[in-house]
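J.: Here it is, the structure in full.
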Amino acid sequence: MTRLPALLLPVALPVALLLLTSACGPKGKVQIPEGADKQWSQMDESERMQHMSAVVLPRMRTVFQDHDPKRFADFDCATCHGSGANHGDFTMPNPELPQLHSAHFYKQERKQHGDMVRLMWQQVEPTMGEALGVTYSFGGTIDCAACHVEIED
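Residue numbers (this note's numbering): 993 to 1145.
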């Protein structure tokens, strides 16, 4: 087994920690999303509705239907926003979605619903972040808690 020279040890740990923490931080960047003329945070309600209908909904429908065409055959606003979407209430996070246990990096959800967790982390968060022109993943604008109510254990 190869061992690091003693002189490198004080440097190796901080570098390793830096690499690990940078991998877990937000991804993407805040920018004007495709099809818009201003950032998401600067859009009024009407502009946001237009952008969601024209850009976000079609992209997210594709992501979910590619994953499970049967389960998400009727993908629409209510799929993510819940029944309130049918009455103009698009409040997020949505308590009708599965609630997540934030303890141990969502260990319970990763164990019970690994396929869905992978879909969220690998496709839903990046696609949504890019469609809105915002950051995504842990610490970003779009992360688990943007859509799901978190339960503290």
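Every residue gets a Cβ at the ideal spot worked out from N, C-alpha and C, and that includes glycine.
Looking at the structure shown, is residue 1093 part of a helix, part of a strand, or coil, going by DSSP?
T.: In the structure shown, residue 1093 sits in a strand (DSSP, three-state: E or B).
J.: Quick one: which unbroken alpha helix (DSSP H) runs of 4-plus residues sit fully inside the segment 1021-1100? Chain order, please.
T.: Qualifying alpha helix (DSSP H) stretches, in chain order: 1037-1043, 1049-1059, 1069-1073.
J.: I need the DSSP call for residue 1117, collapsed to helix, strand or coil.
T.: Residue state, collapsed to three classes: helix.
J.: Please state the DSSP three-state secondary structure of residue 1144.
T.: Here residue 1144 sits in coil by DSSP.
J.: For residue 1086, is the classification buried or exposed, using 16 other Cβ atoms within 10 angstroms of its Cβ as the cut-off for buried?
T.: When all chains shown are included, residue 1086 counts as buried.
J.: Using 8 angstroms as the threshold, is the segment 1046-1053 in touch with the segment 1110-1127, meaning 3 or more CB pairs across them?
T.: The segment 1046-1053 is in contact with the segment 1110-1127.
J.: Buried or exposed for residue 1143, please, with buried defined as at least 16 other CB atoms from any protein chain shown within 10 angstroms of its CB.
T.: Exposed, because fewer than 16 other Cβ atoms sit within 10 Å of the Cβ of residue 1143.
J.: Check whether the Cβ atoms of residue 1098 and residue 1109 sit closer than 8 angstroms, and answer yes or no.
T.: Result yes, Cβ atoms of residue 1098 and residue 1109 sit closer than 8 angstroms.
J.: For residue 1100, collect the residues of the same chain with a Cβ closer than 8 angstroms to its Cβ; drop the 5 residues on either side in sequence, then sort them by chain order.
T.: Excluding positions up to five away in sequence, the list reads 1093.
J.: In its own chain, which residues sit with a C-beta less than 7 angstroms from the C-beta of residue 1012, not counting the 5 before and 5 after it?
T.: Confidence at residue 1012 is low in this model, with a pLDDT of 47, below 50, so its placement is unreliable and the value that follows should be read with caution. Result list for residue 1012: empty, nothing under 7 angstroms.
J.: Please return the same chain residues whose Cβ sits closer than 8 angstroms to the Cβ of residue 1035, not counting the five positions on each side in sequence.
T.: Closer than 8 angstroms at Cβ, skipping near neighbours: 1028, 1043.
J.: In chain order, what residues of the same chain have a beta carbon less than 8 angstroms from the beta carbon of residue 1091, not counting five sequence neighbours either side?
T.: Closer than 8 angstroms at the Cβ level, and outside the excluded window around residue 1091, lie 1140, 1141, 1142, 1143.
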